[in-house]
Amino acid sequence: MDGNKYEYGDHITVSKDPESKLKWEELLNREKSLLVKISHSKKYGSQNYDLATLAGLLSPDLSEPSSKVEGSSKNNPRHQSPRHAIDDNIKTKYLNRDAKGSGLTIHTPGGVINGISLTSAEDIPGRDPSSYRLEGSVNGKDFTLISEGEVPNFDKRNQKHEIFFDNNESYKSYRISFPKLADIYAKEMQISEIELLKSNVASPDELLNEAKALHIEMLEGRKNFLTTTLIARELPESRKRVTKVLNRGEYSQPIGDPLSPGVFSVLGSMPKNAPANRMGLADWLVDGDNPLTARVLVNRFWIMVFGEGLVRTPEEFGLQGEHPTHPELLDWLAVDFQENGWNLKRLLKQMMISKTFQQSSKHRVELNDPENKLWGRGPSYRLDAEVLRDLALWSGGLLNRKLGGEGVKPYQP
5 MDGNKYEYGD HITVSKDPES KLKWEELLNR EKSLLVKISH SKKYGSQNYD LATLAGLLSP
65 DLSEPSSKVE GSSKNNPRHQ SPRHAIDDNI KTKYLNRDAK GSGLTIHTPG GVINGISLTS
125 AEDIPGRDPS SYRLEGSVNG KDFTLISEGE VPNFDKRNQK HEIFFDNNES YKSYRISFPK
185 LADIYAKEMQ ISEIELLKSN VASPDELLNE AKALHIEMLE GRKNFLTTTL IARELPESRK
245 RVTKVLNRGE YSQPIGDPLS PGVFSVLGSM PKNAPANRMG LADWLVDGDN PLTARVLVNR
305 FWIMVFGEGL VRTPEEFGLQ GEHPTHPELL DWLAVDFQEN GWNLKRLLKQ MMISKTFQQS
365 SKHRVELNDP ENKLWGRGPS YRLDAEVLRD LALWSGGLLN RKLGGEGVKP YQP
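Okay, so the sequence shown: first residue is 5 according to the working numbering, each after it adds one.
Right under this line is the structure:
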């Protein structure tokens with residue numbers, strides 16, 4: 005980002021690859037069907053449950069790994085964050101370098117709890133909490149004391165202690181802090197797991213069991229099928245940088261009037277009503293009145309199939325490059341490519357079933373065309389290393405035709 009028109013915005017969740025997208029959509033459809041089924045049930049239909057809340061009815065813990073959680077401070081290692089205290093994994097932990105008095109706040113759908121469970125981390129007993137203070141809040145701002153007291157000594161690592169108390173009030177946010185630690189000189193507090201123990205746990209039935217199983221499957225699917233990516237957002241007009249022509253390229257010597265976004269006039273103009281931003285540029289690139297993009301793409305795929313392009317200087321498609329050997333063919337392929345939805349598979353099929361591609365590559369002495377510019381014989385050229393590797397795998401029945409996924413890691417001798 006150059007700070008001229010855009011800045012990085014929020015992270016968004018997207019599919020890792022096309023196959024993951026299909027699998028995640030299948031889970032979403034199953035969730036939708038189950039929620040419709042639940043909404044028509046006599047027992048749960050009036051409550052308007054979401055899947056997480058419904059699955060949570062069977063769990064003794066009011067919190068779950070997807071709950072929002074905040075540390076009392078940000079003074080913790082990245083890999084030992086507050087989230088690790090509710091991830092249902094005793095091999096991870098939350099560590100806070102503020103030591104005594106540190107803790108966290110867990111935000112839940114809401115409910116009554118009458119206990120907490122604390123699981124010690126797997127190392128350094130002196131960092132274990134020896135006292136606790138639990139508070140609840142309805143709005144996430146104003147907290148009321150629920151319980152406080154001593155934490156029993158942890159005699160071994162990853163040991164769980166359950167602490168119960170009287171409470172009849174329902175809260176959405178629960179804040180727990182640890183005023184004292186096992187070692188009074190400890191400089192860090194650590195805890196492996198914290199659970200908010202509900203006062204009432206629902207009896208299992210067919211719908212709840214199905215909801216819980218699907219919820220667990222979706223949590224795993226979110227890890228396996230989804231990832232996050234940064235998105236760019238356009239700056240408001242007041243924050244956009246003024247851009248001018250720079251005299252001899254010197255950034256300190258702007259000249260002339262401010263410039264506005266656009267394309268070179270020799271290449272036509274932006275589509276009507278197109279915004280002067282990246283979206284407008286994308287619209288222009290694939291606009292039906294702009295043949296350049298399609299011509300360049302067609303020529304590059306011709307190179308992939310035939311070894312040489314209809315324009316033999318793909319890096320210079322303008323006046324300084326070579327002219328097309330078959331301009332009418334290039335134009336026809338480009339227009340047909342656009343009119344058929346930029347379908348690359350169709351384009352490749354057209355090229356590979358052509359008589360030009362299927363003819364013999366044997367040299368023909370009667371043709372005065374040593375560079376085969378007139379395509380009087382079939383293509384004959386050296387294959388790239390990647391293509392050779394795929395051919396070797398294909399011939400041995402080892403080629404993986406699965407789309408997407410991680411990059412290939414070839415064997416290294």
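All C-beta atoms in this analysis are idealised placements derived from N, C-alpha and C, irrespective of residue type, glycine included.
In the DSSP output, what is residue i paired with across the bridge?
| i | result |
| --- | --- |
| glutamine 194 | Leu99 |
| leucine 58 | Answer by DSSP bridge pairing: none, since leucine 58 is not bridged. |
| aspartate 91 | In the DSSP output, where bridge partners are listed per residue, aspartate 91 has none listed. |
| aspartate 65 | Leu201 |
| histidine 165 | Leu122 |
| threonine 109 | Glu74, Arg179 |
| glutamate 139 | Leu149, Arg179 |
| isoleucine 259 | Val249 |
| proline 133 | Leu185 |
Which of the three DSSP states is assigned to residue i in this structure?
| i | result |
| --- | --- |
| valine 249 | strand |
| asparagine 213 | helix |
| lysine 72 | strand |
| valine 155 | coil |
| alanine 125 | coil |
| valine 18 | strand |
| threonine 360 | helix |
| glycine 292 | coil |
| threonine 270 | Rather than threonine, the amino acid found at residue 270 in this sequence is valine. DSSP places valine 270 in helix when its eight states are reduced to three. |
| histidine 219 | helix |
| threonine 317 | coil |
| leucine 230 | strand |
| proline 331 | helix |
| valine 116 | strand |
| serine 207 | coil |
| serine 3 | Any property of residue 3 remains undetermined from this structure, which presents the chain solely from 5 to 417. |
| serine 174 | strand |
| tryptophan 346 | coil |
| glycine 382 | coil |
Assuming residue i and residue j make a contact with CB atoms under 8 Å, what is their CB distance in whole Å?
| i | j | result |
| --- | --- | --- |
| glutamate 95 | proline 183 | In the sequence on display, residue 95 carries lysine and not glutamate. Incorrect: roughly 27 Å between the Cβ atoms, too far for contact. |
| threonine 17 | leucine 230 | 5 Å |
| glycine 292 | leucine 31 | Not really, about 38 Å apart at Cβ, beyond 8 Å. |
| serine 196 | threonine 123 | 4 Å |
| leucine 351 | valine 302 | 7 Å |
| glycine 144 | serine 177 | 5 Å |
| phenylalanine 361 | valine 309 | 6 Å |
| leucine 55 | glutamate 35 | 6 Å |
| lysine 164 | serine 121 | 6 Å |
| glycine 107 | serine 76 | 5 Å |
By a C-beta neighbour count over all protein chains shown, 10 Å radius and 16 as the cutoff for buried, is residue i buried or exposed?
| i | result |
| --- | --- |
| leucine 212 | buried |
| phenylalanine 158 | buried |
| asparagine 251 | exposed |
| valine 369 | exposed |
| threonine 112 | buried |
| glycine 140 | buried |
| isoleucine 110 | buried |
| tyrosine 189 | exposed |
| glycine 345 | exposed |
| lysine 353 | exposed |
| arginine 82 | exposed |
| glutamine 324 | exposed |
| methionine 193 | buried |
| valine 391 | exposed |
| arginine 386 | exposed |
| glycine 400 | exposed |
As a quick exercise: from the options, pick the residue whose alpha carbon is nearest that of residue i.
| i | options | result |
| --- | --- | --- |
| alanine 186 | Arg237, Ser134, Glu214 | Ser134 |
| histidine 15 | Arg237, Val300, Ile357, Phe361 | Arg237 |
| proline 102 | Ala89, Asn80, Ile120 | Per the sequence shown, the amino acid found at residue 102 is aspartate instead of proline. Taking only the C-alpha atoms, the option nearest aspartate 102 is Asn80. |
| isoleucine 307 | Gly382, Ile167, Leu230 | Gly382 |
| alanine 300 | Asp293, Leu314, Gly119, Phe169 | In the sequence under discussion, the amino acid at residue 300 is valine, which differs from the alanine named in the question. Checking every option, the nearest Cα to that of valine 300 belongs to Leu314. |
| serine 364 | Trp379, Met355, Asn52, Pro374 | Trp379 |
| glutamate 173 | Asp54, Gly119, Lys25 | Gly119 |
| valine 116 | Gln84, Phe321, Leu58, Tyr175 | Tyr175 |
| isoleucine 90 | Leu201, Glu375, Leu333, His44 | Leu201 |
| serine 269 | Asn294, Leu348, Ser85, Lys78 | Asn294 |
| glycine 284 | Thr57, Leu296, Pro265, Asp127 | Pro265 |
| glutamine 84 | Glu126, Asn52, Ile150 | Glu126 |
| isoleucine 235 | Leu271, Arg282, Arg386 | Arg282 |
| leucine 333 | Gly322, Gly311, Lys349, Ser358 | Ser358 |
| arginine 245 | Asn228, Leu263, Glu254 | Leu263 |
Would you say residue i reaches chain C, if we count a Cβ-Cβ gap shorter than 8 Å as a contact?
| i | result |
| --- | --- |
| leucine 337 | The question asks about chain C, but that chain is absent: this structure has only one protein chain. |
Check whether the Cβ of residue i lies closer than 7 Å to any heavy atom of the ligand PLP, and answer yes or no.
| i | result |
| --- | --- |
| leucine 387 | Among the components of this structure there are no ligands whatsoever, and the ligand PLP is therefore not found. |
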